[in-house]
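In the working numbering, the protein residues as written are 206 to 271. Every residue, glycine too, gets a C-beta built ideally from N, C-alpha and C. Quick caveat: nothing in here was measured; it's all calculated off a predicted structure. Since the structure comes first, as structure tokens, the remarks are kept for the end.
Quick look at the structure:
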């Protein structure tokens, strides 16, 4: 039967689809971890900048009160 080879390849095609889905999921997970790390670094920089700005504002207020 000509159609038999098609049906025999369906499990193989399904397995390839699963493998592709797993690879894509792993890639998306790595990208999400990278994004989380980048955001954590950015958050640290912003926290330092905020602290510096608050210190500067406090110093300026102290000078203005003199």
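Cα-Cα separation, residue i to residue j
i, j, result
"residue 238", "residue 252", "21 Å"
"residue 277", "residue 256", "Nothing can be reported for residue 277, as the shown portion of the chain is limited to 206 through 271."
"residue 234", "residue 240", "10 Å"
"residue 220", "residue 244", "36 Å"
"residue 254", "residue 247", "10 Å"
"residue 270", "residue 263", "11 Å"
"residue 206", "residue 223", "Here residue 206 scores only 43 on pLDDT, less than 50, and its place in the model should not be relied on; the value that follows carries that caveat. Taking the straight line joining both Cα atoms gives about 28 Å."
Next on the checklist: List, from N- to C-terminal side, the alpha helix (DSSP H) runs of 4 residues or more that fit wholly inside the segment 213–248.
Outcome noted: DSSP runs (the alpha helix (DSSP H)) wholly in the segment 213–248: none.
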